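Going by full-length UniProt numbering, the sequence shown opens with residue 1, and the numbers climb by one from there. Glycine included, every Cβ here is placed at the ideal spot set by N, Cα and C. Given the structure is predicted, the values throughout are model-derived calculations rather than measurements. In what follows, a single structure is set out as structure tokens and then discussed.
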Amino acid sequence: MDGQTRRQRLIELVRESDKPVSGTALAAKLNVSRQVVVTDIALLRANGIDIISTNRGYIVNTDNKKCSRVIKCRHTDDEILDELFTIVDNGGSADNIIINHRYYNRLEAPLNVHSRLDAKEFMEAIKSGKSKSLSSATSGYHYHTISADSEEALDIIEQELKQKGYWLPLDDWILK
């Protein structure tokens, strides 16, 4: 079984169970080591699957009824951390980044920034020099899908970003 198939089966096993499934039990069912299960869980989380670790095992969060919206922003690379902190400090998550590049058209990449720690780790990767921010290809203009538990929280995030001068009105193309 290849890794992608194994991870899909792992999700199915956790979702189908009415109680948490231990890493050891998953490893036995998938015929791999527990460490492979831990690595697979990390990969699934990085791809947006909301798997929660409990002291009794793994569960998939199905109560994730979040509200989301696309926002447009512009700022310098030096202001990225402040933008991300503004989002997470007000109860939101920066799920992705989207740019509209002149030649490459729409480009989108996952961010999955849910906390200040996530934001700091993202910035460390950018500052390490191995990569540049996607928004640097469009003079700082970019879009995010942000999510939160309520529309009110999203409104607060937008208001805070507007006050800091980062928020811009949406273009029609992004809604298509």
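- DSSP, read as helix, strand or coil, puts Asp95 in strand.
- As far as DSSP is concerned, Asn112 takes part in no beta bridge.
- Looking at Asp149, Thr5, Pro20, Leu170, the one whose alpha-carbon comes closest to that of Tyr58 is Pro20.
- Around the beta carbon of Tyr166, a 10 Å sphere encloses 16 or more other beta carbons of the protein chains shown; the residue is thus reported as buried.
- Distances from the alpha-carbon of Val60 to those of Ile80, Glu158, Leu44 put Leu44 closest.
- Judged by DSSP secondary structure, Thr54 falls within the beta strand (DSSP E) whose first and last residues are 51-54.
- Listed as beta-bridge partners of Asn90 by DSSP are no residues whatsoever.
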